[in-house]
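Be aware that the sequence shown starts at 527, since it is given in our numbering, and climbs by one per residue.
Think of the CB as a built atom: it goes at the ideal place given N, C-alpha and C, for glycine as much as any other residue.
Following: one structure in structure tokens, then a few remarks.
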Amino acid sequence: MTLQTGYELPAAAVRRLESLVSAIERNPGRMVDPVELAALQERVDMRPAFAALPETLSEDDFVGVLKLALLTECATDSYAAVIEDRASRYQAGWLGRFTRDTWVPDERMHHAPYRTMLERAGIAAEELDREIEETQTRTYIHHSGDTPIHITAFGMVQEYLTDHWHGRIAQLLRQSSPEAAAMANQIKRRETIHTIWYRDMTALQLEANPRLMRHVAEAVAHFRMPGSVLVPELEAQVPRWLPALGTDFERLTSELIRHIHAMAGDTADAARLLLTIAEERGLKVGPLPAGLVSRALNRLGGPGYGLLGEAVLQRVGLGYLFEAEQRAAGPGSERARVGRVRALVRNWLADQIDIRLEPA
Ligand SMILES: [Fe+2]
Ligand SMILES: [Fe+2]
């Protein structure tokens, strides 16, 4: 697999990225508060949580779920080394600065709460020390492309899925161990913000150079969680753990598509991007290979992308993103009549599309 390397941005776009990073530095949102965290850590009791686990999740499983959070959060420096290397290779000072000065200090706060939860669950400190050291000494090999837009698109998906993981843990602990749930939620909130930061960085690059859409599609299509490289034995259990943690896969997909829609800027470009992702993954739209659909739509000059985009949004329950605009046209108008025909085709298309984010 050879990923695209051509990466060019006009100087004005680089300046916009520099100002976005400066704005993030000025207001990074509410970081994890060490004092608040220490107070929660002191009170955490994990016994009720382990006593109240769902039947599908054994005690060992739950230890694994918490260890995956701990160990992947411990490896911040490995990810930062990869990102900073790519940033300097492509002279993306903004990405290096963001990683070093904002992202790393923020991420360094994320592992400690999980260590506390595991210790309170009776896991020996020496075992945790050893596993942390093993993970930190492993080399993180990045598989999803090297240009800055590959990195930020990858970052968006990775933060999004990490956000989900902390969120599921918080939900599971909400009643049985509220202090542990509060800690997991504090971290979850940071990952939500990181998702948006990476999304906006990707959007700025894409807007300035639409040819980079292929890079974004590659990063998303070839995405692999860093845990699959750093803690493969735990990551391999995730497909089994997610349903036990109550993951709603439809919703997980729908929210990711909402981010992709926001990143692409409009419904037609979101469709173009999703189709390129599908093509990269060798997927089909109904009976047709995504690549063929994409070539046909390109030949038509692209008007079909808008309709395809609407069908995707409708399929994942995000129809409101385009409906409000169409309602504004009024019921008797020409636009409304065209709209009814459009709806017929859109419904047919939506039936052909099967998208669901499932663990690999
Ligand atoms: Fe984190
Ligand atoms: Fe993060």
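Tell me the DSSP bridge mates of Val-811? Position 285 of the sequence shown, counted from the start, is the residue given in the question as residue 811. Leu-814.
Practice prompt. Thinking Arg-641 and Leu-596 are a contact (beta carbons under 8 Å), I'd like their distance in whole angstroms, please.
Written response: Taking the first residue of the sequence shown as position 1, residue 641 is located at position 115. Taking the first residue of the sequence shown as position 1, residue 596 is located at position 70. About 6 Å; that satisfies the 8 Å criterion.
- Task: Just jot down, in chain order, the residues whose CB lies closer than 7 Å to any heavy atom of ligand 1.
- Result: Glu-599, Glu-633, His-636, Thr-688, Ile-713, Arg-716, Glu-717
- Item | Cα-Cα separation between Ala-578 and Phe-588, rounded to whole angstroms | As a working note, residue 578 is residue 52 in the sequence shown. As a working note, residue 588 is residue 62 in the sequence shown. For Ala-578 and Phe-588, the distance between alpha carbons rounds to 11 Å.
*For Val-561, count neighbouring Cβ atoms within 10 angstroms of its own Cβ and tell me buried if that reaches 16, exposed if not.*
Translated into the one-based positions of the sequence shown, residue 561 becomes position 35. Exposed is the call here.
Practice item. May I ask you to verify whether the region 789–801 touches the region 856–871, counting CB pairs closer than 8 Å and requiring at least 3? Key: no
Given a cut-off of 9 Å, decide if Ile-675 and His-748 are closer than it, judged by their beta-carbon atoms. Position 222 of the sequence shown, counted from the start, is the residue given in the question as residue 748. Position 149 of the sequence shown, counted from the start, is the residue given in the question as residue 675. Not in contact: His-748 and Ile-675 (Cβ atoms no closer than 9 Å).
Practice task
Below 7 Å CB to CB, which residues in the same chain sit around Asp-571 once its five sequence neighbours on both sides are set aside?
Solution key: Along the sequence shown, one-based indexing puts residue 571 at 45. Excluding sequence neighbours, Asp-571 sits near Arg-646, Ser-703.
- Task: Give a yes or no on whether the C-beta atoms belonging to Glu-761 and Val-842 are separated by under 9 Å.
- Result: Numbered from its first residue, the sequence shown carries residue 761 at position 235. Numbered from its first residue, the sequence shown carries residue 842 at position 316. Contact: no.
- Item | Residue span of the alpha helix (DSSP H) that contains Gln-731, given as start and end | In the sequence shown, the residue the question calls residue 731 occupies position 205. 704–734 is the span of the alpha helix (DSSP H), which, as asked, contains Gln-731.
Pull up the CB-CB distance for Glu-544 and Asn-735, whole angstroms please, since I reckon it's below 8 Å. Within the sequence shown, residue 544 is the residue found at index 18, counting from 1. Within the sequence shown, residue 735 is the residue found at index 209, counting from 1. The Cβ separation is near 16 Å, so there is no contact.
Report all residues from its chain with a CB closer than 7 Å to the CB of Tyr-686; omit the five preceding and five following residues, and keep chain order. Locating residue 686 in the sequence shown gives position 160, where the first residue counts as 1. Hits under 7 Å: Thr-721, Leu-782, His-785.
**C-alpha gap between Pro-758 and Arg-700, whole angstroms** = Within the sequence shown, numbered from 1, the residue matching residue 758 stands at position 232. Within the sequence shown, numbered from 1, the residue matching residue 700 stands at position 174. Whole-angstrom Cα-Cα distance: 28 Å.
Rounded distance between the beta-carbons of Phe-576 and Glu-585, thought under 8 Å: Sequence index remark: in the sequence shown, residue 585 carries index 59 (1-based). Sequence index remark: in the sequence shown, residue 576 carries index 50 (1-based). 6 Å between Cβ atoms; contact.
Margin query: Using 8 Å as the cut-off, can you tell me whether the region 718–733 makes contact with the region 665–679, which would need three or more C-beta pairs spanning the two stretches below that distance?
Written below: yes
Since I believe Arg-694 is in contact with Leu-756 (beta carbons under 8 Å), could you give me their beta-carbon distance rounded to a whole number of angstroms?
-> Against the sequence shown, residue 756 aligns to sequence position 230. Against the sequence shown, residue 694 aligns to sequence position 168. Not quite, the Cβ-Cβ distance comes to about 20 Å (not below 8 Å), so this is no contact.
Note down, in chain order, each residue of its chain lying with its Cβ closer than 6 Å to the Cβ of Asn-711, except the 5 sequence neighbours on either side. Walking along the sequence shown from the start, residue 711 turns up at place 185. Counting only Cβ-Cβ distances below 6 Å, and skipping sequence neighbours, we find Ala-696.
For the candidate residues Ala-788, Pro-813, Asn-824, whose alpha-carbon lies nearest to that of Thr-802? In the sequence shown, residue 802 corresponds to position 276, counting from 1. Of Ala-788, Pro-813, Asn-824, the residue nearest in Cα terms is Asn-824.
Item to complete: Using 8 Å as the cut-off, classify the Cβ of Glu-610 as near or not near the heavy atoms of ligand 2, replying yes or no.
Response: For the purposes of this step, residue 610 is taken as the residue at position 84 of the sequence shown. No, since every heavy atom of ligand 2 falls outside the 8 Å radius drawn around the Cβ of Glu-610.
In terms of residue numbering, what span does the alpha helix (DSSP H) encompassing Gln-662 cover? Locating residue 662 in the sequence shown gives position 136, where the first residue counts as 1. Unbroken alpha helix (DSSP H) run through Gln-662: 651–663.
Practice task
Assuming Gln-731 contacts Ala-538 (C-beta within less than 8 Å), just tell me the rounded distance between them.
Solution key: Along the sequence shown, one-based indexing puts residue 731 at 205. Along the sequence shown, one-based indexing puts residue 538 at 12. About 12 Å; that fails the 8 Å criterion.
- request: Alpha carbon to alpha carbon, how far is Lys-714 from His-692? Give it in angstroms, no decimals.
  value: Numbered from 1 along the sequence shown, position 166 holds the residue referred to as residue 692. Numbered from 1 along the sequence shown, position 188 holds the residue referred to as residue 714. Roughly 5 Å separates the two Cα atoms.
Problem - Where Ser-545 falls: helix, strand or coil (DSSP) - result: Start at 1 with the first residue of the sequence shown, and residue 545 comes out as number 19. DSSP places Ser-545 in helix when its eight states are reduced to three.
Run the CB neighbour count on Ile-550, radius 10 Å, all protein chains shown included, and call it buried at 16 or more, exposed below.
-> Within the sequence shown, residue 550 is the residue found at index 24, counting from 1. With 16 or more Cβ atoms within 10 Å of its Cβ, Ile-550 is classed as buried.
Leu-875 vs Ala-822 beta-carbon contact at 9 Å = Here residue 875 corresponds to residue number 349 of the sequence shown, with the count starting at 1. Here residue 822 corresponds to residue number 296 of the sequence shown, with the count starting at 1. No, the pair does not count as a contact, with Cβ atoms beyond the cut-off.
- prompt: Can you list, in chain order, the residues of its chain whose CB lies under 8 Å from that of Arg-872, leaving out five sequence neighbours each side?
  reply: Locating residue 872 in the sequence shown gives position 346, where the first residue counts as 1. The answer, listed in chain order, is Leu-833, Glu-836, Ala-837, Gln-840.
On the CB-based measure, 16 or more other CB atoms within 10 Å of its CB, does Gly-532 come out buried or exposed?
Here residue 532 is taken as the residue at index 6 of the sequence shown, counted from 1. Flag for Gly-532 reads exposed.
ask   = Does DSSP put Glu-585 in a helix, in a strand, or in coil?
value = To locate residue 585, count along the sequence shown from 1; it is residue 59. Helix at Glu-585.
### Message
Just to confirm before moving on: does the CB-CB distance between Ala-790 and Ala-804 stay below 9 Å?
### Response
For the purposes of this step, residue 790 is identified with residue 264 of the sequence shown, where counting begins at 1. For the purposes of this step, residue 804 is identified with residue 278 of the sequence shown, where counting begins at 1. The answer is no: Cβ separation not under 9 Å.
**Item:** Cβ-Cβ distance between Val-746 and His-636 below 9 Å
**Value:** As a working note, residue 746 is residue 220 in the sequence shown. As a working note, residue 636 is residue 110 in the sequence shown. The answer is no: Cβ separation not under 9 Å.
- Task: Output the boundary residues of the alpha helix (DSSP H) element that contains Val-742.
- Result: Here residue 742 refers to the residue found at position 216 of the sequence shown. Val-742 -> alpha helix (DSSP H) spans 739–747.
Quick one: what's got a C-beta closer than 8 Å to Gln-662's C-beta in the same chain, skipping five residues either side? Counted from its first residue, the sequence shown places residue 662 at position 136. Here the set comprises Cys-600, Ala-601, Asp-603, Ser-604.
* From Gly-671 to Arg-573, what does the alpha carbon distance come to, in whole angstroms? -> The sequence position of residue 671 within the sequence shown is 145, counting from 1. The sequence position of residue 573 within the sequence shown is 47, counting from 1. Rounded to whole angstroms, Gly-671 to Arg-573 spans 43 Å at the Cα level.
**Message:** As a quick exercise: from Glu-652, Thr-598, Met-643, Asp-877, pick the residue whose alpha carbon is nearest that of Arg-634.
**Reply:** Translated into positions along the sequence shown, residue 634 becomes position 108. Selected option, being the one with the closest Cα: Thr-598.
Q) His-690: which of Glu-581, Asp-877, Leu-546, Leu-778 sits nearest, CA to CA? A) Mapped onto the sequence shown, residue 690 falls at position 164. Comparing Cα-Cα distances from His-690 to each of Glu-581, Asp-877, Leu-546, Leu-778, the minimum goes to Leu-778.
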